[in-house]
Amino acid sequence: MDTGTDTKRSGALPAADVARVFDNARIPHVLFGWWAVACHGKYHAFPEIDFVLPDDKIEAAANALAATGHFHRCTDLDCVEWTADRRPRDYFQAPRHQPLPITMLGAQMAMNNWHAIAREHLHIGPGYDFFKVISLYAKSHLLWSFPEITLDPIASDDRTYMFTDDVRLPPPRREGEDGSTGPWDGLYPVKIPTYAALIEALLLLYCRDLGSLEHTDQAWASMTNEALGKILIPGTLNLNERISELRRNIDPRWVPILDSSHFNTGPLTKGLLAPIHNYRAVLLASNELPDIPPHDLDGYHM
Numbered sequence: 001m002d003t004g005t006d007t008k009r010s011g012a013l014p015a016a017d018v019a020r021v022f023d024n025a026r027i028p029h030v031l032f033g034w035w036a037v038a039c040h041g042k043y044h045a046f047p048e049i050d051f052v053l054p055d056d057k058i059e060a061a062a063n064a065l066a067a068t069g070h071f072h073r074c075t076d077l078d079c080v081e082w083t084a085d086r087r088p089r090d091y092f093q094a095p096r097h098q099p100l101p102i103t104m105l106g107a108q109m110a111m112n113n114w115h116a117i118a119r120e121h122l123h124i125g126p127g128y129d130f131f132k133v134i135s136l137y138a139k140s141h142l143l144w145s146f147p148e149i150t151l152d153p154i155a156s157d158d159r160t161y162m163f164t165d166d167v168r169l170p171p172p173r174r175e176g177e178d179g180s181t182g183p184w185d186g187l188y189p190v191k192i193p194t195y196a197a198l199i200e201a202l203l204l205l206y207c208r209d210l211g212s213l214e215h216t217d218q219a220w221a222s223m224t225n226e227a228l229g230k231i232l233i234p235g236t237l238n239l240n241e242r243i244s245e246l247r248r249n250i251d252p253r254w255v256p257i258l259d260s261s262h263f264n265t266g267p268l269t270k271g272l273l274a275p276i277h278n279y280r281a282v283l284l285a286s287n288e289l290p291d292i293p294p295h296d297l298d299g300y301h302m
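Taking the UniProt record's numbering, I'd label the letters of the sequence shown as residues 1 to 302.
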């Protein structure tokens, strides 16, 4: 793995250490969110690391992490992680008749600002420079369509799960270029979704949260875009071939949406929202979208 940064700043080391704690405590888990995207798509060194667990294991997981002394369970009701909007609060208080500092503008526009609120989160101690939060999400809230998360070995042809040291992952990005982290060689392996399973989960979440008043649909849209980004695989697959492989592996019901959201997959259609609206109606009719948040679709016309 070569992300151009020290492993403590890459997110791989704290994620691997958390996975080891969970395995030792016999707690099933899967890495999700921006660090799962980083394994398959475009790597962003965001300071939050997300894990999804069986609903009844979250309490035990939080306790196991807290027991290490490196992670501190949050009880601060004013913590920004208990809201879906991480934007700096001083941004809202800054006078609008003056230019805003570039750092504040950058923070306000960061793709990780909008996020689903985790069931529990723990703040990371000083041993991991830069990284801030481990978020623990219930499987029923984010990955309800996935098979049960277990501690069983993963078959090499498993459709849903793989590990971060899998050689099938894209190679690491070259210095100065966009790309993935590459396989996490030399670190404790972490369970992640396969590429097709990740894209399916993100699209399903986008359908569920479309028009969310808390803007969580923006989080899933950003992750999907970066997971489908221009990730060239040197010496093996070019972009067209990689997306074509994804089309073969993904649930066929998602192919029209995939085709409309990426310029290399086929003829352009009316855009992403048309097939999203159509398929969302199918999902709603078949009760495949649980926990739909308060939303307003007035601004989401086809």
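Even for Gly, the Cβ is constructed at its ideal location relative to N, Cα and C. Keep in mind it's a predicted model, so treat the numbers as computed, not measured.
For V167, the closest C-alpha among the options L213, K139, G182, C74 is that of G182.
The beta carbons of E226 and G11 sit about 14 Å from each other, so the pair does not count as a contact at 8 Å. Bounds of the alpha helix (DSSP H) holding V21 are 12 to 24. The secondary-structure analysis by DSSP pairs I192 across a beta bridge with M162.
The beta carbons of E120 and I58 sit closer together than 8 Å. Under DSSP, the beta-bridge partners assigned to R73 are L122. The shortest CA-to-CA distance from Y161 to any of R20, H29, V21, E175 is the one to H29.
Out of L246, K191, P290, D178, the CA that lies nearest to the CA of A155 is found in K191.
Residue pairing by DSSP places L31 opposite F51 in a beta bridge. Assigned with DSSP and collapsed to three states, S222 falls in helix.
Apart from sequence neighbours up to five positions away, the residues of its chain that approach V21 with a beta-carbon distance below 7 Å are A64, L65, T68, ordered along the chain. The C-alpha of S180 is placed about 33 Å away from the C-alpha of L297.
No Cβ-Cβ contact shorter than 8 Å links D50 with S140. Within the same chain, C207, L289 come within 7 Å of L283 by CB-CB distance, once the 5 residues on both sides are set aside.
When DSSP states are grouped into helix, strand and coil, I257 belongs to the helix group. Of the candidates C74, N112, D85, G186, the residue whose Cα lies closest to the Cα of Y43 is N112. Residue burial annotation: D17 is buried, with at least 16 other C-beta atoms found within 10 angstroms of its C-beta. Cα atoms of P172 and V37: separation of roughly 13 Å, rounded to the nearest angstrom. Spatial neighbours of A197 in its own chain (CB-CB distance under 8 Å, excluding positions within 5 residues in sequence) are listed in chain order as F146, R159, T160, Y161.
Looking at the DSSP output, V133 shares a beta bridge with E48, H123. Separation of the CB atoms of A116 and A84 is rounded to 7 Å, and the pair is thereby assigned contact status at 8 Å. The closest CA to that of S222, considering only S244, I243, I199, is found on I199.
Within 10 angstroms of the beta-carbon of C39 lie 16 or more other beta-carbons, which makes it buried. Sixteen is the threshold: when 16 or more other Cβ atoms of the shown chains lie within 10 Å of the Cβ of R280, as they do, the residue is buried.
Non-local C-beta neighbours of F163 in its own chain, meaning closer than 8 Å and more than five positions away in sequence, comprise I154, P189, V190, K191, I192, ordered along the chain. Residue pairing from DSSP leaves D251 without any beta-bridge partner. A distance below 6 Å between beta-carbons, with the five flanking residues on each side excluded, links G33 to the following residues of its chain, in chain order: D50. Around the beta carbon of A201, a 10 Å sphere encloses 16 or more other beta carbons of the protein chains shown; the residue is thus reported as buried.
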